[in-house]
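Taken in order, these protein sequences are the chains called A and B. Residues in the first sequence are numbered consecutively from 40, following our numbering. Residues in the second sequence are numbered consecutively from 40, following our numbering. For each residue, glycine too, the CB sits at the ideal point set by N, CA and C. Notes follow once the structure below has been shown.
Protein chains: 2
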Amino acid sequence: MEQETQAPETDTALIGLDWGTSSLRAFRFDATGQVQQMRHRPWGIMNLPPAADGQPHTTHAAAFEHAFDDVCGDWLQAEPGVPVLACGMVGSAQGWREAVYLESPASLDHLAQGLTLVQHAAGHQVHIVPGLIQRGDLPNVMRGEETQVLGVMAGPDRPDQAPVLIGLPGTHSKWVLARKRSIAQFHTFMTGEVFATLRGHTILGRTMQAADTTDDAAFARGLQVARSADAPLGLLSHIFSTRTLGLTGALPGSAQADYLSGLLIGHEVAALAAQPNQGATRVVLCGEPDLCRRYALALAAYGLPAPEIAENATARGLWQIATAAGLATPSDTRSTEAAR
Amino acid sequence: MEQETQAPETDTALIGLDWGTSSLRAFRFDATGQVQQMRHRPWGIMNLPPAADGQPHTTHAAAFEHAFDDVCGDWLQAEPGVPVLACGMVGSAQGWREAVYLESPASLDHLAQGLTLVQHAAGHQVHIVPGLIQRGDLPNVMRGEETQVLGVMAGPDRPDQAPVLIGLPGTHSKWVLARKRSIAQFHTFMTGEVFATLRGHTILGRTMQAADTTDDAAFARGLQVARSADAPLGLLSHIFSTRTLGLTGALPGSAQADYLSGLLIGHEVAALAAQPNQGATRVVLCGEPDLCRRYALALAAYGLPAPEIAENATARGLWQIATAAGLATPSDTRSTEAAR
């Protein structure tokens, strides 16, 4: 995948958009499913660009169209009629158009058949990937991650039959049990957002000091708590030790954030390890490198398999869904291992 | 106990101060240990009064002396030399003078022998009750609660020998195992602060709507999660259901805060129920009435004994410590059941 370095070429088979809460990425695919260009804009759905006069756009749609035109308008001008497929929070109730949740379990074909169409004022058609909902006493939802998971499952090392446990760490971590081209089950952990709010808005943050490097020893210490003899006291009690270990001189301020990160990720992975894995023997992580590194340490501490790290999963997933939906037509056999 | 309604009388045996982070209360005790007057000021240690010119005081001590004079200066003017005993965050590193933590377990006598003396510029002597520290892999500390616990144990229904489990729900809930006049063990849960920060600073708060009354059904629903089949998923996963139950129409915005409150308090009480209770068959709660009501529901849901509710525990505890320290001398036999 290349960053933008040149004028658009005229072999575009698909434009893919990864459109989340805080940012927007656009991929220009050729007919073999390779990404020829990638662009990044800050136009997340909560941060759309203002109109030319600096004021908010007068309509909801106009703001989304402005962001859309900015990130890929020239590609469509060069090659009108190229199909566009978007995933992520752009399909939420706060997005461009709400794309209803499909019921989980769901396959690639279910997702491809459930696209929502948005008509751009300039005539472009934008298709949005549905999110997934898993019903139950504690319902779960995802929006965007379904595309990443399908990208992982289409990746170069994809397994043929065995279920795979795919971790998508972040603000709201998802852990997805997938098999072939289907999503069987998933769970959500608010680990990233809880970490940020405990650090930013509680007494625990007051004694934390910025550090130049990650304190892996403090992180590992935090990781172990959820499997220690003190485990039954639970998270609401454990987190207070971030402060008291500081008070007793056992944990310097510069180590406290990493300790708290270890505590929380340890709780998440401990919960994961207690779930039935339905025979999954492979774990794949897909996320920011530092976060994947932390989760790999946590998986090792809790006896789970060493993870593989997935790259470019969103782009690959968009291509998979577009071809399954008939939006894009692969031109040669390479497309079956599309968008590596 | 009476609120202030009259000029000070001249039979004061002790002035007690309950001096926390956000407020300051003063008690004027007679020689039988009865509270004759009680005053409340907003002068918590993080909210001390400004100097007369509206500017901050030039010294740390001057700000504390100002608050002190405001709440009880006239009592000391009327009866110079009356002993003063303070408990709470006034003895923290950010307080008037740091009162070192005593090691737990600790008895009434240990606490009474560990007072820290502050000399007021006007000549008054102020004694500060030490906090307690419980060492271990996850250290615990308290400051102020030790006084409440001793007050509970000196209360009218105090048991003679059997251990009592005392709950002090709040920002940082404490659960204390006490026996006779000693604190054997305690735990801290950051339940109140976590609730406030999840509501105020995460996505969970965005769909919450204010409600006129408590939604006990939503609270009870949240309470049950930590003992449900989904319990192993843990708190970081459970809290996300506050949002997803809203998305699926199963939990209106006006019920979401009470559901989250139930989730968190349920986790706290589930952890408590898993701890060895060392034979405690009685549970006493000491805190805000609405919070005590919620915890009583949680205790019932988790099969713990129905709690008694303690009143005036801090005042009673201050009197107990003052008499054990020899600061106050009870004038008659009523003092052995002091400050009811």
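(message) For L147(A), tell me which candidate among W82(A), G356(A), R78(A) has the shortest Cα-Cα distance.
(response) On the first sequence, residue 147(A) is found 108 positions in, with the first residue counted as 1. For the residues W82(A), G356(A), R78(A), the minimum Cα distance to L147(A) belongs to G356(A).
(request) Check each candidate in L171(A), L150(A), L87(A), A160(A) and name the one with the smallest Cα separation from L286(B). (result) The count along the second sequence starts at 1 and reaches residue 286(B) at position 247. Checking every option, the nearest Cα to that of L286(B) belongs to L171(A).
(request) Output the boundary residues of the alpha helix (DSSP H) element that contains G209(A). (result) The residue given as residue 209(A) occupies position 170 in the first sequence. It is not in any alpha helix (DSSP H) - G209(A) carries neither H nor E in the DSSP assignment.
(message) By the three-class DSSP mapping on this structure, what secondary structure does W58(A) have?
(response) Walking along the first sequence from the start, residue 58(A) turns up at place 19. If DSSP states are grouped into helix, strand and coil, W58(A) belongs with the strands.
(request) Say whether the stretch 181–189 of chain B touches the stretch 250–266 of chain B, bearing in mind that this needs 3 or more beta-carbon pairs closer than 8 Å, one atom from each stretch. (result) no
(request) Pick out the complete beta strand (DSSP E) segments inside the stretch 99–166 of chain A, 3 residues or longer, and give them in chain order. (result) 123–126, 155–158
(request) State buried or exposed for R245(A), treating a residue as buried only when at least 16 other CB atoms are found within 10 Å of its CB. (result) Walking along the first sequence from the start, residue 245(A) turns up at place 206. So R245(A) counts as exposed.
(message) Give me the chain B residues within the contact set of L232(A), using Cβ-Cβ distance strictly less than 8 Å, ordered along the chain.
(response) In the first sequence, counting from the first residue as 1, residue 232(A) sits at position 193. The sequence given here places Glu at residue 232(A); Leu does not occur at that position. Chain B residues near E232(A): T241, I242.
(message) Cutting at 6 Å between CB atoms, please list the residues of its own chain near Q75(A), excluding the five before and the five after it.
(response) Residue numbering aside, residue 75(A) sits at position 36 when the first sequence is read from its first letter. Hits under 6 Å: R67, D69.
(message) Let me check understanding here. Comparing Cα to Cα, which of G162(B), C126(B), A160(B), V180(B) lies closest to L154(B)?
(response) Locating residue 154(B) in the second sequence gives position 115, counting from the first residue. Checked all of G162(B), C126(B), A160(B), V180(B); the closest Cα to L154(B) is C126(B).
(message) T227(A) and F279(B) - do their beta-carbons sit closer together than 8 Å?
(response) For this step, residue 279(B) is matched to residue 240 along the second sequence. For this step, residue 227(A) is matched to residue 188 along the first sequence. In this structure, T227(A) lies closer than 8 Å to F279(B) by Cβ.
(request) Run down chain A in chain order and give the residues with a C-beta less than 8 Å from the C-beta of S143(B). (result) Position 104 of the second sequence, counted from the start, is the residue given in the question as residue 143(B). Correct list: empty, because the minimum Cβ distance to chain A is about 12 Å.
(request) Round the Cβ separation of A161(A) and R321(A) to the nearest angstrom and send it over; I've been treating them as touching at under 8 Å. (result) The residue you call residue 161(A) lines up with position 122 of the first sequence. The residue you call residue 321(A) lines up with position 282 of the first sequence. A161(A) to R321(A), Cβ: 44 Å. No contact.
(request) Alpha carbon to alpha carbon, how far is R332(A) from M229(A)? Give it in angstroms, no decimals. (result) Along the first sequence, read from residue 1 onward, the residue named residue 229(A) stands at position 190. Along the first sequence, read from residue 1 onward, the residue named residue 332(A) stands at position 293. Taking the straight line from one Cα to the other gives about 18 Å.
(message) Do H96(B) and A90(B) have their beta-carbon atoms positioned less than 8 Å apart in this structure?
(response) By one-based count along the second sequence, residue 90(B) stands at place 51. By one-based count along the second sequence, residue 96(B) stands at place 57. Cβ atoms of A90(B) and H96(B): closer than 8 Å.
(message) Can you look up M381(A) in the DSSP assignment and give me helix, strand or coil?
(response) Chain A is shown from 40 up to 379; residue 381(A) falls before or after that span and cannot be answered.
(request) Give the secondary structure of L171(B) by DSSP, where H, G and I count as helix, E and B as strand, and everything else as coil. (result) As a position in the second sequence, residue 171(B) is number 132, starting the count at 1. Strand, per DSSP.
(message) Suppose you measure from the CA of A345(B) to the CA of E142(A); what does that come to, to the nearest Å?
(response) In the second sequence, residue 345(B) corresponds to position 306, counting from 1. In the first sequence, residue 142(A) corresponds to position 103, counting from 1. Each residue's alpha carbon lies about 43 Å from the other.
(request) Closer than 7 Å by C-beta to V220(B): which residues in its own chain qualify, once you throw out the five before and the five after it? Chain order, please. (result) Sequence index remark: in the second sequence, residue 220(B) carries index 181 (1-based). Correcting the residue identity first, residue 220(B) is Arg in this sequence and not Val. Hits under 7 Å: S146, L147, L189, M192.
(message) Here's the rule: buried if 16 or more other CB atoms are within 10 angstroms of the residue's CB, otherwise exposed. What is P122(B)?
(response) Walking along the second sequence from the start, residue 122(B) turns up at place 83. Counting Cβ neighbours within 10 Å, P122(B) comes out buried, since at least 16 surround it.
(request) Round the Cβ separation of L124(B) and I360(B) to the nearest angstrom and send it over; I've been treating them as touching at under 8 Å. (result) For the purposes of this step, residue 124(B) is taken as the residue at position 85 of the second sequence. For the purposes of this step, residue 360(B) is taken as the residue at position 321 of the second sequence. L124(B) to I360(B), Cβ: 6 Å. Contact.
(request) Reducing DSSP to helix, strand and coil, say where L216(B) ends up. (result) Indexing the second sequence from 1 puts residue 216(B) at position 177. Looking at L216(B) - three-state DSSP - the assignment turns out to be strand.
(message) Suppose you measure from the CA of P169(B) to the CA of D269(A); what does that come to, to the nearest Å?
(response) For the purposes of this step, residue 169(B) is taken as residue 130 along the second sequence, with counting starting at 1. For the purposes of this step, residue 269(A) is taken as residue 230 along the first sequence, with counting starting at 1. One C-alpha to the other measures close to 26 Å.
(request) Could you name the residues of the stretch 210–239 of chain A whose beta carbon sits closer than 9 Å to any beta carbon of chain B, in the order they occur along the chain? (result) T210, H211, S212, H226, T227, F228, M229, T230, E232, V233, A235, T236, L237, G239
(request) Determine the burial state of E104(A): buried for a count of at least 16 other Cβ atoms within 10 Å of its Cβ, exposed for fewer. (result) In the first sequence, the residue the question calls residue 104(A) occupies position 65. It is buried - the Cβ of E104(A) has at least 16 other Cβ atoms within 10 Å.
(message) Determine whether the beta carbon atoms of C111(B) and I167(B) lie at a separation below 8 Å.
(response) Taking the first residue of the second sequence as 1, we reach residue 111(B) at position 72. Taking the first residue of the second sequence as 1, we reach residue 167(B) at position 128. Their beta carbons are not under 8 Å apart, which means C111(B) does not touch I167(B) by this criterion.
(request) Might you give, ordered along the chain, the residues of its own chain that have their beta carbon closer than 6 Å to the beta carbon of P208(A), omitting 5 neighbours on each side? (result) Position 169 of the first sequence, counting from 1, holds the residue named residue 208(A). Result list for P208(A): G326, L330, Y334, in chain order.
(message) For N86(A), tell me which candidate among A102(A), Q73(A), P119(A) has the shortest Cα-Cα distance.
(response) Start at 1 with the first residue of the first sequence, and residue 86(A) comes out as number 47. When each option's Cα is compared against that of N86(A), the closest is A102(A).
(request) Run the CB neighbour count on H306(B), radius 10 Å, all protein chains shown included, and call it buried at 16 or more, exposed below. (result) As a first step, residue 306(B) must be located in the second sequence, where it is residue number 267. Classification for H306(B): buried.
(message) Short of 6 Å in beta carbon distance, which residues of its chain neighbour W58(A), apart from the five on each side in sequence? Order them along the chain.
(response) Counting from one through the first sequence, the residue named residue 58(A) turns up at place 19. Around W58(A): A125, G127, V129.
(message) Taking its Cβ as the centre, do 16 or more other Cβ atoms sit within 10 Å of P178(B), making it buried, or is it exposed?
(response) For this step, residue 178(B) is matched to residue 139 along the second sequence. When all chains shown are included, P178(B) counts as buried.
(message) Whole angstroms are fine: how far does the CA of V215(B) sit from the CA of E232(B)?
(response) Taking the first residue of the second sequence as 1, we reach residue 232(B) at position 193. Taking the first residue of the second sequence as 1, we reach residue 215(B) at position 176. Spanning the two alpha carbons is a distance of roughly 19 Å.
(request) Output the distance between the C-alpha atoms of A223(B) and Y140(B), rounded to the nearest integer angstrom. (result) One-based indexing of the second sequence puts residue 223(B) at position 184. One-based indexing of the second sequence puts residue 140(B) at position 101. The alpha-carbon atoms of A223(B) and Y140(B) are separated by roughly 15 Å.
(request) Can you give me the Cβ contacts of S370(A) inside the same chain, cut-off strictly under 7 Å, excluding the 5 residues immediately before and after it? (result) On the first sequence, residue 370(A) is found 331 positions in, with the first residue counted as 1. Closer than 7 Å at the Cβ level, and outside the excluded window around S370(A), lie A70, T71.
(message) Strictly below 7 Å CB to CB, what residues from chain B border I439(A)?
(response) The displayed coordinates of chain A run from 40 to 379. Any statement about residue 439(A) would go beyond what the structure contains.
(message) What does the alpha-carbon distance come out to for the pair G93(B) and T281(B)?
(response) Position 54 of the second sequence holds residue 93(B). Position 242 of the second sequence holds residue 281(B). Cα to Cα, the separation comes out at about 45 Å.
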